Amino acid sequence: MPTNSLYCKHSRPKDTFLKVLINLAAGITVVVLVGILGYILVNGVPYITWQFISTPYSEMNPDQKGILPMIINTLYIVVITLLIAVPIGISSAIYLTQYAKQGRLVRSIRFTTEVLSGIPSIIFGLFGYTVFCILFRLQVSILAGCLTMAICILPTIVRTTEESLLSVPTSYKEGALALGAGKLRVILGIVLPCAMPGVLTAVILAVGRIVGESAALLFTSGIGYSMPRGFFRQIMTSGRTLTLHLYQTAREASTPDAMNIAFGTAAVLLILVFLLNCLTKVVTKAVKKG
Amino acid sequence: MQTSLTDEHVEQKRAIANRVKTIVAIALSAVIIVSFFFPYIRFVFRDTSYPLTGLQLATVRGMMVYGPQMSGLVTIPLLTRIAVIAGVVLALAGIVLLLVRKPVWAGVAYILAGVTPLVSLITTSNIQTAVTSLNISEIEIQYLWPFLCTLAFGIAGAILSLWTQGTERLAQSIFKVFSCVSVGSVAVITIYIIVSGAPALAEIGVGNFLFGTEWEASSEIFGILPMILSSIVGTIGAIIIGVPVGLLTAIFLSETANPILAKIVRPAVELLAGIPSVIYGFFGMLVIVPAIRTFPPFQGHTTGDSLLAAIIILAIMVLPTIVNVSETALRAVPVSYREASLALGATPTTTIFKVTVPAAKSGILSGVILGVGRAIGETMAVIMVAGNVPNMPRLLGSVRFLTTGIAMEMSYSTGLHRQALFAIGLVLFVFIMIVNISFTYISKKGVQMDAN
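Protein chains in written order, with my numbering: chain A, 6 to 295; chain B, 542 to 993.
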């Protein structure tokens with residue numbers, strides 16, 4: 006067969022080369038992920054025991070190496086931050102999609118939301134420290150950390166909620182309005198419930214961000230590790246989250262035993278992140294079906 | 542007949558409800574005014590405590606404080622006085638405005654009244670500083686019930702007086718106020734980063750600070766050129782590694798992958814995006830740093846804590862951003878472009894690189910810029926692998942980024958040193974703003990191009 010026949014499949018070295026590169030890149034991405042996950046989980050999972058997650062921690066006493074206070078602190082920060090940010094975020098999204106007319110205010114809200122999502126967390130940390138810890142005299146406390154994180158996650162909540170509010174068919178609203186419902190009732194009774202899965206996604210994404218955050222919390226909620234003795238007392242004192250615990254133990258670990266604490270914490274964190282990721286998927290799938 | 546009767550009935554009910562709301566709002570503001578004459582704030586020293594009423598705060602010149610070594614008059618800051626008086630005056634104004642049936646203005650007055658305690662909270666910190674400068678450290682400032690009462694009742698009064706305009710109006714106002722939170726926080730962040738960064742810049746000198754090559758906190762030499770350059774070099778390095786891999790992965794996902802493989806790669810990218818930066822740092826510290834240390838050509842030249850390690854970790858961290866944004870951009874390219882190219886006899890691979898990628902150029906570029914933003918702002922992962930010595934950037938040398946410069950020394954810094962750290966924050970903020978604005982500009986341009 007002549008080599009330049011139309012029916013002959015040409016092998017172009019350049020094409021093959023590029024194809025190999027594309028597959029290689031995708032391969033690298035997967036290998037990197039598997040490498041990180043594997044390394045952390047293989048070293049960390051054996052260290053996760055019931056005792057590890059249910060006992061307190063102390064830097065002074067090497068016998069106390071649990072992560073219960075950090076789990077509780079993380080939980081406090083997640084809950085309080087959501088309590089602050091979710092109402093504000095949802096209200097913003099409602100205002101932007103249901104009330105606002107295009108104008109300077111809307112433009113500036115959108116612009117600032119964009120800007121907020123681009124600000125690095127260390128800047129949030131500095132800001133939170135000067136404003137909440139010093140100016141509002143909250144000291145370095147979990148509450149100051151929560152307020153800082155609330156601003157951090159606001160863009161995520163506003164944007165995701167806004168998208169889901171916009172995807173509610175106008176006919177639903179029109180139907181309700183035609184039945185004589187007021188605007189507020191339409192929003193709270195029809196639009197918001199329809200957009201609920203989207204709001205839920207926003208919340209899960211925000212939880213993921215809070216659980217993974219470290220730089221913004223380093224100066225604001227601090228690195229205390231005392232065992233909580235009551236909700237209000239705890240949120241006014243410094244408390245480290247799981248991420249900061251990992252950071253502290255990893256940096257200061259001198260013995261293999263101390264390293265194990267870091268590995269265990271990292272594995273717990275990864276499992277949490279993985280679960281949140283799955284949860285997002287389940288919710289998104291439910292939305293697509295519904 | 543029947544309907545008009547009902548209407549009248551409803552109307553009557555509404556009028557009564559409005560009257561009740563107005564009366565409650567007035568009662569609440571009356572409480573605010575009365576609380577002016579009760580102890581508002583309490584200064585607690587080691588063994589004694591001095592309560593001050595709002596009236597006293599507004600009128601007395603200050604407190605004579607007798608310390609063990611020194612004593613002096615601690616004046617009450619002017620802003621505190623103004624805030625305390627303003628709280629009462631605004632509450633009074635609210636009552637008057639309600640009585641003359643201007644509930645919207647009354648609402649504004651009440652909100653402002655509710656803000657005044659926050660102002661006094663902020664400004665009284667001067668008192669603490671003044672007392673501490675007299676060598677008395679055991680002072681604590683406690684805020685008593687009138688403080689909370691002004692805060693809570695001010696807001697409650699505002700809600701009640703707006704409510705008289707109907708629930709719809711109230712709801713809209715609340716939504717509007719909440720949606721301004723993001724605008725307010727960006728404004729406050731900008732102001733505070735500038736205000737707390739500027740003094741150090743002024744004292745050290747902008748030139749010395751930005752172009753000084755030495756950072757020696759103990760002898761008050763603050764030059765951040767090495768940090769700026771390390772941040773820039775680190776970011777560029779991460780982009781040089783991350784963009785090709787990310788873009789090719791995006792091409793894989795949107796163009797060439799068969800569905801089964803895509804089902805493996807896509808969740809991998811999603812999960813990479815979700816992994817906390819501390820874990821990247823931890824992994825880098827335990828795997829990449831030792832790998833660099835023991836890599837034969839480098840052996841003996843480096844401890845492993847290096848710019849190279851930071852670049853590798855950052856490249857992994859920017860991957861998901863670049864993949865996601867580029868993939869979206871590639872998918873947005875109309876199928877007809879590809880079909881036209883294929884019909885002209887181009888191979889699928891040529892089509893990808895000569896048609897699809899150029900068409901998605903602006904989207905890919907905005908992905909790259911987002912990646913730059915992420916890399917330049919990353920702190921915790923870098924701090925764990927880069928060694929943190931403020932050297933000029935060398936690939937195998939220990940370096941300190943702008944972000945890590947702040948995080949390293951924040952906990953124990955004082956005075957000018959701390960101000961210098963805030964000034965680093967300001968420099969970083971300016972960098973990020975430039976990145977952000979160019980992102981907005983490019984994505985807008987992309988939208989315009991698509992529209993054409």
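Idealized CB from N, CA, C, for every residue including glycine. None of the values given here were measured: they were computed from a predicted structure.
On the criterion of 16 or more Cβ atoms from any shown chain inside 10 Å, does residue i qualify as buried, or is it exposed?
{"i": "residue 642 (chain B)", "result": "exposed"}
{"i": "residue 275 (chain A)", "result": "buried"}
{"i": "residue 982 (chain B)", "result": "exposed"}
{"i": "residue 147 (chain A)", "result": "buried"}
{"i": "residue 842 (chain B)", "result": "exposed"}
{"i": "residue 550 (chain B)", "result": "exposed"}
{"i": "residue 691 (chain B)", "result": "buried"}
{"i": "residue 704 (chain B)", "result": "buried"}
{"i": "residue 605 (chain B)", "result": "exposed"}
{"i": "residue 221 (chain A)", "result": "buried"}
{"i": "residue 39 (chain A)", "result": "exposed"}
{"i": "residue 297 (chain A)", "result": "Absent from the model: residue 297 (chain A). The displayed extent of chain A is 6 to 295, so no value can be given."}
{"i": "residue 725 (chain B)", "result": "exposed"}
{"i": "residue 6 (chain A)", "result": "For residue 6 (chain A), the predicted structure reports a pLDDT of 46, less than 50, and the residue's modelled location is therefore unreliable. A value from the coordinates is still provided. So residue 6 (chain A) counts as exposed."}
{"i": "residue 890 (chain B)", "result": "buried"}
{"i": "residue 291 (chain A)", "result": "exposed"}
{"i": "residue 966 (chain B)", "result": "buried"}
{"i": "residue 611 (chain B)", "result": "exposed"}
{"i": "residue 103 (chain A)", "result": "buried"}
{"i": "residue 570 (chain B)", "result": "buried"}
Thinking residue i and residue j are a contact (beta carbons under 8 Å), I'd like their distance in whole angstroms, please.
{"i": "residue 573 (chain B)", "j": "residue 648 (chain B)", "result": "The pair is not a contact, with the Cβ atoms about 15 Å apart (cut-off 8 Å)."}
{"i": "residue 2 (chain A)", "j": "residue 809 (chain B)", "result": "The structure shown does not extend to residue 2 (chain A), since chain A is modelled only from 6 to 295, so the question has no answer here."}
{"i": "residue 882 (chain B)", "j": "residue 892 (chain B)", "result": "4 Å"}
{"i": "residue 916 (chain B)", "j": "residue 859 (chain B)", "result": "5 Å"}
{"i": "residue 5 (chain A)", "j": "residue 81 (chain A)", "result": "The structure shown has nothing for residue 5 (chain A), since chain A only spans 6 to 295."}
{"i": "residue 94 (chain A)", "j": "residue 191 (chain A)", "result": "With a Cβ gap of about 20 Å, residue 94 (chain A) and residue 191 (chain A) do not count as contacting."}
{"i": "residue 969 (chain B)", "j": "residue 741 (chain B)", "result": "Contact doesn't hold; Cβ gap of about 14 Å is too wide."}
{"i": "residue 228 (chain A)", "j": "residue 243 (chain A)", "result": "7 Å"}
{"i": "residue 134 (chain A)", "j": "residue 225 (chain A)", "result": "6 Å"}
{"i": "residue 167 (chain A)", "j": "residue 98 (chain A)", "result": "4 Å"}
{"i": "residue 123 (chain A)", "j": "residue 977 (chain B)", "result": "4 Å"}
{"i": "residue 745 (chain B)", "j": "residue 763 (chain B)", "result": "5 Å"}
{"i": "residue 27 (chain A)", "j": "residue 797 (chain B)", "result": "6 Å"}
Please confirm if residue i has its CB atom under 8 Å from at least one CB of chain E.
{"i": "residue 960 (chain B)", "result": "Given the protein chain composition of this structure (A and B), no chain E is represented."}
*Touching or not, the stretch 926-941 of chain B and the stretch 837-847 of chain B, by the rule of three or more beta carbon pairs under 8 Å?*
yes
_If contact is defined by three or more beta carbon pairs under 8 Å, each pair taking one atom from either stretch, is the stretch 169-177 of chain A in contact with the stretch 194-210 of chain A?_
yes
*For the stretch 957-974 of chain B and the stretch 115-132 of chain A, state whether three or more C-beta atom pairs, one from each stretch, are separated by less than 8 Å.*
yes
_Residues of the stretch 734-765 of chain B whose Cβ lies closer than 8 Å to any Cβ of chain A, in chain order_ = 734, 737
_Given 8 Å, three or more beta-carbon pairs between the stretch 131-147 of chain A and the stretch 731-740 of chain B_ = yes
*What residues in the stretch 966-980 of chain B bring their beta carbon closer than 8 Å to a beta carbon of chain A?*
966, 969, 970, 973, 974, 976, 977, 980
*What residues in the stretch 233-255 of chain A bring their beta carbon closer than 7 Å to a beta carbon of chain B?*
248, 251, 252, 255
*Taking only beta carbons into account, state which residues of the stretch 97-108 of chain A come closer than 9 Å to chain B, listed in chain order.*
97, 98, 99, 100, 101, 103, 104, 105
_Short-range partners of chain B found in the stretch 123-139 of chain A, where Cβ spacing is below 9 Å_ = 123, 124, 125, 126, 127, 128, 129, 130, 131, 132, 134, 135, 136, 139
_Segments of 3+ residues assigned as beta strand (DSSP E) that fall wholly inside the stretch 652-720 of chain B_ = 681-684
*Ignoring anything shorter than 4 residues or poking outside the stretch 936-990 of chain B, list the alpha helix (DSSP H) runs there in chain order.*
943-950
_Residues of the stretch 259-276 of chain A whose Cβ lies closer than 7 Å to any Cβ of chain B, in chain order_ = 267, 271, 274, 275
*Spell out a yes or no on whether the stretch 943-951 of chain B and the stretch 780-788 of chain B are touching, meaning 3 or more CB-CB pairs, one atom from each, closer than 8 Å.*
no
*Which runs of the beta strand (DSSP E) spanning at least 3 residues fall entirely within the stretch 219-284 of chain A, listed in chain order?*
none
*Quick check: the stretch 72-87 of chain A against the stretch 696-713 of chain B, are there 3 or more CB pairs under 8 Å?*
no
*With a cut-off of 8 Å, do at least 3 Cβ pairs link the stretch 917-927 of chain B to the stretch 749-760 of chain B?*
no
*Closer than 7 Å, Cβ to any Cβ of chain B: which residues of the stretch 185-208 of chain A, in chain order?*
187, 188, 189
*Could you name the residues of the stretch 28-48 of chain A whose beta carbon sits closer than 7 Å to any beta carbon of chain B, in the order they occur along the chain?*
28, 30, 31, 33, 34, 35, 37, 38, 41, 44, 45
*With contact counted as at least three CB pairs below 8 Å, one residue from each stretch, are the stretch 615-625 of chain B and the stretch 589-604 of chain B in contact?*
yes
*Examine the Cβ distances between the stretch 675-685 of chain B and the stretch 621-638 of chain B and report whether three or more of them are shorter than 8 Å.*
no
*In the stretch 139-167 of chain A, which residues sit with their C-beta less than 8 Å from some C-beta in chain B, listed in chain order?*
139, 140, 141, 142, 156, 159, 160, 163
*Does the stretch 234-254 of chain A come within contact of the stretch 67-82 of chain A, defined as at least 3 CB pairs closer than 8 Å?*
yes
*Considering only residues of the stretch 86-158 of chain A, which uninterrupted alpha helix (DSSP H) runs meet the minimum length of 4 residues and lie entirely inside it, listed in chain order?*
109-123, 126-133
_Closer than 8 Å is the cut-off here; do at least three beta carbon pairs connect the stretch 662-675 of chain B with the stretch 560-580 of chain B?_
no
*For the stretch 699-710 of chain B, which residues have a beta carbon sitting closer than 8 Å to at least one beta carbon of chain A?*
708, 709
*Fully enclosed by the stretch 587-641 of chain B, which beta strand (DSSP E) runs are 3 residues long or longer?*
590-594, 603-607, 612-616
*Meets three-Cβ-pair contact criterion under 8 Å: the stretch 45-57 of chain A and the stretch 25-34 of chain A*: no
_Inside the stretch 798-842 of chain B only - alpha helix (DSSP H) runs reaching at least 4 residues_ = 800-815, 818-824, 830-835
*asked:* Please identify, using Cβ separations under 9 Å, the residues of the stretch 59-71 of chain A that lie next to chain B, in order along the chain.
replied: none
*Against chain A: residues of the stretch 929-953 of chain B by CB proximity under 7 Å*: 944, 947, 948, 951
*Scan the stretch 712-726 of chain B for residues whose Cβ lies nearer than 9 Å to a Cβ of chain A and list them as they occur along the chain.*
712, 713, 715, 716, 717, 718, 719, 720, 721, 722, 723, 724, 725, 726
*Interface residues of the stretch 807-825 of chain B facing chain A [CB-CB below 7 Å]*: 809, 810, 811, 812, 813, 815, 816, 817, 818, 819, 820, 823, 824
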